[in-house]
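Student: In full-length UniProt numbering, the protein residues as written are 1 to 435.
Beta carbons: idealized from backbone N, C-alpha and C, even for Gly.
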Ligand SMILES: [Mg+2]
């Protein structure tokens with residue numbers, strides 16, 4: 001195979017990983033959410049019983065209102081759209097303004113999606129039209145998982161080791177637009193950082209310990225930024241202490257050892273539920289900024305590329321399963337693409353076309369592409385899809401006005417026929433009178 005062919009094949013594979021990251025995140029969210037039924041179910045055993053009664057994961061067709069995506073995917077799309085709109089620009093204030101604008105706008109699409117109160121409250125507060133209007137005050141109760149669940153695409157945009165500085169600042173500022181508390185926005189940093197490690201193909205066992213070093217750099221960033229420094233530093237160590245506790249428990253704090261799991265842990269959902277609850281802030285595993293990425297990471301660490309195992313650990317448990325689900329699904333897609341994922345699980349998930357498009361555009365921004373490859377992609381994928389959307393739009397307009405249009409045509413035809421009759425009648429009278 002020639003050099004160019006290898007490059008194109010690698011690019012195609014990378015683009016598919018970007019698409020899969022965005023799409024499988026939404027699948028993880030929809031599975032964990034199950035229209036609110038499983039997100040708020042505290043027993044993983046009960047969830048698994050219900051899943052088995054439906055025929056198991058392999059039989060699930062994740063589509064339609066039954067498997068609607070939750071607030072997590074809507075906000076993840078909002079982050080992705082802002083990154084794509086911003087393009088290659090380096091003005092971060094402009095980027096934050098775009099992110100804030102998208103966060104406010106996406107709140108209009110929250111029907112049946114159970115958005116968190118912290119996100120609702122602060123999205124209403126931020127004002128992208130004011131200078132630095134995206135900043136909010138420090139919030140002692142802002143440690144929830146709302147910032148972590150929507151930040152993975154920041155890692156897709158800045159996947160390279162030399163972009164770490166940009167990743168740190170964007171994930172923190174995007175996170176603290178609604179969650180101005182270290183536990184909240186460090187969750188955003190963890191989700192974004194893990195995604196960049198997935199794209200880099202850094203061994204999964206190294207991610208957790210590497211994150212602890214990045215958190216130290218993040219601390220310096222917070223101090224240099226000067227926004228509520230004392231409050232932030234006072235609450236800083238909860239995130240790192242829980243993570244260090246976990247890394248030692250799995251024996252991966254040295255960044256190189258293979259993880260160790262308790263006996264029978266992989267087959268016992270109740271044991272996993274118990275651990276998730278213990279590592280959580282208030283007993284509901286995955287609902288905070290520290291444990292949503294932690295549970296997702298634990299699942300990626302254990303699954304070794306097996307989609308079913310990933311879902312058992314990160315989507316079908318008794319905690320905040322849509323948030324752990326979206327993070328785990330994203331990371332899986334970035335590592336393995338759609339490999340081993342049943343077609344019915346992802347082929348018709350809600351908002352799929354939009355997610356794919358964001359993934360493709362982020363891959364262009366992040367890794368570049370050969371012009372030939374982009375041309376081929378745009379010609380055979382983007383152009384037909386845009387053409388289809390345009391024709392669909394014309395059809396919808398036609399359907400909307402078709403009855404009115406028909407009446408108008410009838411009216412016009414009636415007038416023309418009536419007018420013609422009048423003229424002929426007149427002519428007949430004139431010429432009849434003459435003869
Ligand atoms: Mg949700």
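With hydrogens ignored, establish whether the beta-carbon of residue 93 is closer than 8 Å to any heavy atom of ligand 1.
Tutor: No, ligand 1 has no heavy atom inside 8 Å of this Cβ.
Student: Which class does residue 144 belong to by DSSP, given the choice of helix, strand or coil?
Tutor: If DSSP states are grouped into helix, strand and coil, residue 144 belongs with the strands.
Student: Would you mind reading off the limits of the alpha helix (DSSP H) that contains residue 279?
Tutor: It spans 269 to 279 - the alpha helix (DSSP H) in which residue 279 sits, taken as one unbroken run.
Student: In the DSSP assignment, find the unbroken alpha helix (DSSP H) run with residue 437 in it and report its ends.
Tutor: The question about residue 437 has no answer, for the chain in this structure spans 1 to 435.
Student: Would you kindly check if the distance between the Cβ of residue 99 and the Cβ of residue 177 is under 9 Å?
Tutor: For residue 177 and residue 99, yes; Cβs fall inside 9 Å.
Student: Report yes if the C-beta distance between residue 143 and residue 181 is below 9 Å; otherwise report no.
Tutor: Yes. Within cutoff.
Student: Under the rule that 16 or more other beta-carbon atoms within 10 Å means buried, what is residue 273, buried or exposed?
Tutor: Flag for residue 273 reads buried.
Student: Applying the criterion that 16 or more other CB atoms from any shown protein chain within 10 Å of the CB defines a buried residue, is residue 420 buried or exposed?
Tutor: Classification for residue 420: exposed.
Student: Residues in the same chain with beta-carbon distance under 6 Å from residue 33, minus the five sequence neighbours each way, listed in chain order, please.
Tutor: Cβ within range, chain order: 39, 70 and 322.
Student: Quick check on the burial criterion: 16 or more other C-beta atoms within 10 angstroms. Buried or exposed for residue 91?
Tutor: Residue 91 should be labelled exposed.
Student: Would you say residue 221 touches ligand 1, meaning its beta carbon is less than 8 Å from a heavy atom?
Tutor: It does not: the Cβ of residue 221 is nowhere closer than 8 Å to a heavy atom of ligand 1.
Student: Tell me whether residue 442 counts as near ligand 1, meaning its Cβ is closer than 8 Å to at least one heavy atom of that ligand.
Tutor: The requested residue 442 is not part of the displayed model; the chain covers only 1 to 435.
Student: Helix or strand or just coil, what does DSSP make of residue 436?
Tutor: Within the shown structure, residues of the chain are numbered from 1 to 435, placing residue 436 beyond reach of any answer.
Student: Got a sec? Which residues, its chain only, sit under 8 Å from residue 371 by beta carbon, not counting five neighbours each side?
Tutor: Note that residue 371 scores a pLDDT of 49, beneath 50, so its modelled location is shaky; the value from the coordinates is reported in the next line. Cβ within range, chain order: n/a, list empty.
Student: Measure the C-alpha to C-alpha separation of residue 62 and residue 417 and round it to an integer number of angstroms.
Tutor: Those two C-alpha atoms are separated by around 56 Å.
Student: So, at 8 Å on beta carbons, what are the nonlocal neighbours of residue 129 in its own chain, with the 5 sequence-adjacent residues on each side left out?
Tutor: Taken in chain order, the list of residues that qualify is empty.
Student: Looking at C-alpha atoms only, which residue of 236, 350 and 126 is the closest neighbour of residue 217?
Tutor: Looking at the Cα atoms, 236 is the closest of the given residues.
Student: Let's test the definition: count the other Cβ atoms within 10 Å of the Cβ of residue 75 and tell me whether it reaches 16, buried, or not, exposed.
Tutor: So residue 75 ends up on the buried side.
Student: Using a threshold of 9 Å, state whether the C-beta atoms of residue 331 and residue 80 are closer than that.
Tutor: No, they are not a contact pair.
Student: What residue does the alpha helix (DSSP H) around residue 45 start on, and which one ends it?
Tutor: Unbroken alpha helix (DSSP H) run through residue 45: 44 to 53.
Student: Determine, using beta-carbon pairs with one atom in the stretch 219 to 231 and one in the stretch 255 to 269, whether at least three such pairs fall under 8 Å.
Tutor: The answer is no - the stretch 255 to 269 does not touch the stretch 219 to 231, with fewer than three Cβ pairs under 8 Å.
Student: Please find out if some non-hydrogen atom of ligand 2 comes closer than 8 Å to the beta-carbon of residue 115.
Tutor: Absence of ligand 2 is noted for the structure shown, with ligand 1 being the only ligands found.
Student: With distances taken between CB atoms, is the gap from residue 295 to residue 285 smaller than 9 Å?
Tutor: A contact, by the Cβ cut-off of 9 Å.
Student: So, under 8 Å CB-CB, residue 360 and residue 15 are touching, yes? Tell me the CB distance rounded to an integer number of Å.
Tutor: With a Cβ gap of about 6 Å, residue 360 and residue 15 count as contacting.
Student: Please find out if some non-hydrogen atom of ligand 1 comes closer than 8 Å to the beta-carbon of residue 227.
Tutor: Outside the cutoff, so no.
Student: Please report the residue range of the alpha helix (DSSP H) in which residue 65 lies.
Tutor: Counting along the chain, residue 65 falls outside any alpha helix (DSSP H), and DSSP gives it neither H nor E.
Student: If I measure Cβ to Cβ from residue 158 and keep anything under 8 Å in the same chain, skipping five residues before and after, which residues do I get?
Tutor: For residue 158, where only same-chain residues beyond five positions count, the Cβ hits under 8 Å are 164, 166, 167, 170, 192, 196 and 366.
Student: Give the DSSP-derived three-state secondary structure of residue 191 in the structure shown.
Tutor: Three-state result, residue 191: helix.
Student: Is it true that the CB of residue 18 sits closer than 9 Å to the CB of residue 334?
Tutor: Yes.
Student: May I ask which residues mark the beginning and end of the alpha helix (DSSP H) holding residue 258?
Tutor: Segment: none, residue 258 is in no alpha helix (DSSP H) and carries neither H nor E.
Student: May I ask which residues mark the beginning and end of the alpha helix (DSSP H) holding residue 341?
Tutor: Per DSSP, residue 341 belongs to no alpha helix (DSSP H) and is neither H nor E.
Student: What is the DSSP secondary structure of residue 70, counted as helix, strand or coil?
Tutor: In the structure shown, residue 70 sits in coil (DSSP, three-state: anything other than H, G, I, E or B).
Student: Taking the C-alpha atoms as reference points, what is the distance between residue 35 and residue 120?
Tutor: The straight-line gap from Cα to Cα measures roughly 19 Å.
Student: Given 8 Å as the limit, tell me if residue 33 has its C-beta closer than that to any heavy atom belonging to ligand 1.
Tutor: Under cutoff, so the answer is yes.
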